[in-house]
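So that you can map any letter, position 122 of the sequence shown is 1007 in my numbering, and since no number is skipped, the others follow by simple counting.
Remarks on the structure that follows.
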Amino acid sequence: MPSRDFKRTDRIGAELRRELGLLVHAAVRDHGLPSVSVSDVEITRDLDWATVWVTALLPDQGLPAVKALNQISHEIRHSLAHSGMRMRRVPELKFKYDDSVDKGERIDTLLREQARTLPPADDKQD
(Lines of atoms letter the chains of each structure in order from A and count residues from 1; the text may use other names and numbers.)
(Lines give C-alpha, C1' and ligand atoms only; values in the text may rest on other atoms or scores of the structure.)
Protein backbone atom coordinates (compact mmCIF):
# COMPACT_ATOMS: atom_id res chain seq x y z
CA MET A 1 0.00 0.00 0.00
CA PRO A 2 1.50 3.39 -0.97
CA SER A 3 2.26 5.81 1.83
CA ARG A 4 0.60 9.19 1.94
CA ASP A 5 3.08 11.98 1.43
CA PHE A 6 0.68 14.80 2.28
CA LYS A 7 -1.28 15.29 5.46
CA ARG A 8 -4.89 16.34 5.40
CA THR A 9 -3.96 19.78 6.69
CA ASP A 10 -1.60 20.21 3.71
CA ARG A 11 -4.37 19.46 1.23
CA ILE A 12 -6.82 21.77 3.00
CA GLY A 13 -4.15 24.46 3.23
CA ALA A 14 -3.56 24.29 -0.52
CA GLU A 15 -7.28 24.58 -1.19
CA LEU A 16 -7.56 27.50 1.23
CA ARG A 17 -4.60 29.20 -0.45
CA ARG A 18 -6.36 29.08 -3.82
CA GLU A 19 -9.67 30.38 -2.46
CA LEU A 20 -8.10 33.01 -0.20
CA GLY A 21 -5.97 34.27 -3.08
CA LEU A 22 -9.14 35.20 -4.93
CA LEU A 23 -10.87 36.60 -1.85
CA VAL A 24 -7.87 38.70 -0.77
CA HIS A 25 -7.54 40.06 -4.31
CA ALA A 26 -11.21 41.08 -4.18
CA ALA A 27 -10.76 42.62 -0.71
CA VAL A 28 -7.78 44.64 -1.93
CA ARG A 29 -9.87 45.94 -4.81
CA ASP A 30 -13.05 46.60 -2.79
CA HIS A 31 -11.47 48.16 0.31
CA GLY A 32 -8.65 50.05 -1.42
CA LEU A 33 -5.93 48.15 0.41
CA PRO A 34 -2.31 48.03 -0.72
CA SER A 35 -1.70 45.27 -3.25
CA VAL A 36 -0.88 41.96 -1.57
CA SER A 37 -0.97 38.32 -2.59
CA VAL A 38 -1.32 35.12 -0.57
CA SER A 39 1.95 33.20 -0.46
CA ASP A 40 1.08 30.38 1.94
CA VAL A 41 -1.55 29.10 4.35
CA GLU A 42 -0.72 27.08 7.45
CA ILE A 43 -3.59 25.38 9.21
CA THR A 44 -3.67 23.81 12.67
CA ARG A 45 -4.32 20.09 13.02
CA ASP A 46 -7.74 20.69 14.58
CA LEU A 47 -8.61 22.99 11.62
CA ASP A 48 -9.62 25.82 13.98
CA TRP A 49 -7.01 28.40 12.91
CA ALA A 50 -5.36 29.26 9.64
CA THR A 51 -2.33 31.53 9.37
CA VAL A 52 -2.41 33.28 6.01
CA TRP A 53 0.99 34.55 4.87
CA VAL A 54 0.82 37.48 2.44
CA THR A 55 3.45 39.38 0.47
CA ALA A 56 3.22 42.95 -0.77
CA LEU A 57 4.47 44.44 -4.01
CA LEU A 58 5.98 47.32 -2.04
CA PRO A 59 7.62 46.16 1.22
CA ASP A 60 6.69 49.31 3.15
CA GLN A 61 2.99 48.67 2.48
CA GLY A 62 3.03 45.10 3.82
CA LEU A 63 2.35 45.77 7.49
CA PRO A 64 -0.51 48.26 6.93
CA ALA A 65 -2.11 45.79 4.53
CA VAL A 66 -1.82 42.95 7.06
CA LYS A 67 -3.38 45.14 9.75
CA ALA A 68 -6.30 45.98 7.43
CA LEU A 69 -6.73 42.31 6.42
CA ASN A 70 -6.86 41.27 10.07
CA GLN A 71 -9.56 43.89 10.65
CA ILE A 72 -11.73 42.46 7.86
CA SER A 73 -10.81 38.82 8.49
CA HIS A 74 -14.35 38.00 9.65
CA GLU A 75 -15.75 39.28 6.36
CA ILE A 76 -13.20 37.23 4.40
CA ARG A 77 -14.00 34.17 6.53
CA HIS A 78 -17.72 34.62 5.84
CA SER A 79 -17.03 34.87 2.11
CA LEU A 80 -14.85 31.77 2.33
CA ALA A 81 -17.67 29.84 4.00
CA HIS A 82 -19.97 30.70 1.09
CA SER A 83 -17.39 30.17 -1.65
CA GLY A 84 -18.16 26.52 -2.24
CA MET A 85 -15.50 24.96 -0.02
CA ARG A 86 -17.01 21.91 1.58
CA MET A 87 -15.91 22.24 5.18
CA ARG A 88 -17.98 21.79 8.32
CA ARG A 89 -16.22 24.65 10.00
CA VAL A 90 -14.18 27.36 8.31
CA PRO A 91 -11.08 28.18 10.37
CA GLU A 92 -10.45 31.54 11.99
CA LEU A 93 -8.06 33.56 9.84
CA LYS A 94 -4.91 35.28 11.07
CA PHE A 95 -2.95 37.28 8.50
CA LYS A 96 0.83 37.69 8.77
CA TYR A 97 3.38 39.38 6.54
CA ASP A 98 5.76 37.04 4.69
CA ASP A 99 9.08 38.85 4.51
CA SER A 100 10.95 36.05 2.74
CA VAL A 101 10.71 37.87 -0.61
CA ASP A 102 12.13 41.03 0.98
CA LYS A 103 14.98 39.06 2.53
CA GLY A 104 15.71 37.39 -0.81
CA GLU A 105 15.85 40.74 -2.58
CA ARG A 106 18.17 42.08 0.13
CA ILE A 107 20.52 39.10 -0.27
CA ASP A 108 20.45 39.51 -4.06
CA THR A 109 21.34 43.20 -3.72
CA LEU A 110 24.22 42.42 -1.37
CA LEU A 111 25.58 39.75 -3.71
CA ARG A 112 25.40 42.10 -6.70
CA GLU A 113 27.23 44.82 -4.75
CA GLN A 114 29.87 42.31 -3.67
CA ALA A 115 30.32 41.09 -7.26
CA ARG A 116 30.95 44.67 -8.44
CA THR A 117 33.68 45.23 -5.86
CA LEU A 118 35.58 41.99 -6.55
CA PRO A 119 38.27 41.99 -9.23
CA PRO A 120 37.51 39.79 -12.24
CA ALA A 121 38.66 36.19 -11.83
CA ASP A 122 41.67 35.09 -13.86
CA ASP A 123 40.63 32.17 -16.08
CA LYS A 124 44.18 30.98 -16.86
CA GLN A 125 44.97 27.44 -15.74
CA ASP A 126 48.57 26.15 -15.41
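Glycine included, each C-beta is placed from N, C-alpha and C at the ideal position.
How would you label I992, buried or exposed, when you count the other beta carbons within 10 angstroms and need 16 or more for buried?
exposed
Give the DSSP bridge partners of V951, in chain order.
The secondary-structure analysis by DSSP pairs V951 with nothing; it has no beta-bridge partner.
According to DSSP, is K892 helix, strand or coil?
coil
Under three-state DSSP, which class holds M886?
Here M886 scores only 46 on pLDDT, less than 50, and its place in the model should not be relied on; the value that follows carries that caveat. Three-state DSSP puts M886 in coil, outside helix and strand.
Any idea what DSSP makes of T929, helix, strand or coil?
Of the three classes helix, strand and coil, the one that applies to T929 here is coil, per DSSP.
Name the one or two DSSP bridge partners that K979 has.
T936
Proximity winner among H963, V913, Y982, relative to P976 (alpha-carbon distances)
H963
Taking the CB atoms as reference points, tell me whether V923 and R902 lie closer together than 9 Å.
yes
Cβ-based neighbour list, M886, same chain, cut-off 8 Å, excluding 5 preceding and 5 following
The predicted model places M886 with a pLDDT of 46, which falls under 50 and marks its position as unreliable; any figure quoted below should be read in that light. Closer than 8 Å at Cβ, skipping near neighbours: no residue.
Host alpha helix (DSSP H) of R962 (start-end):
958 to 966
If you check the beta carbons only, do S985 and T940 fall under 9 Å apart?
In this structure, S985 lies near T940, with their beta-carbon atoms less than 9 Å apart.
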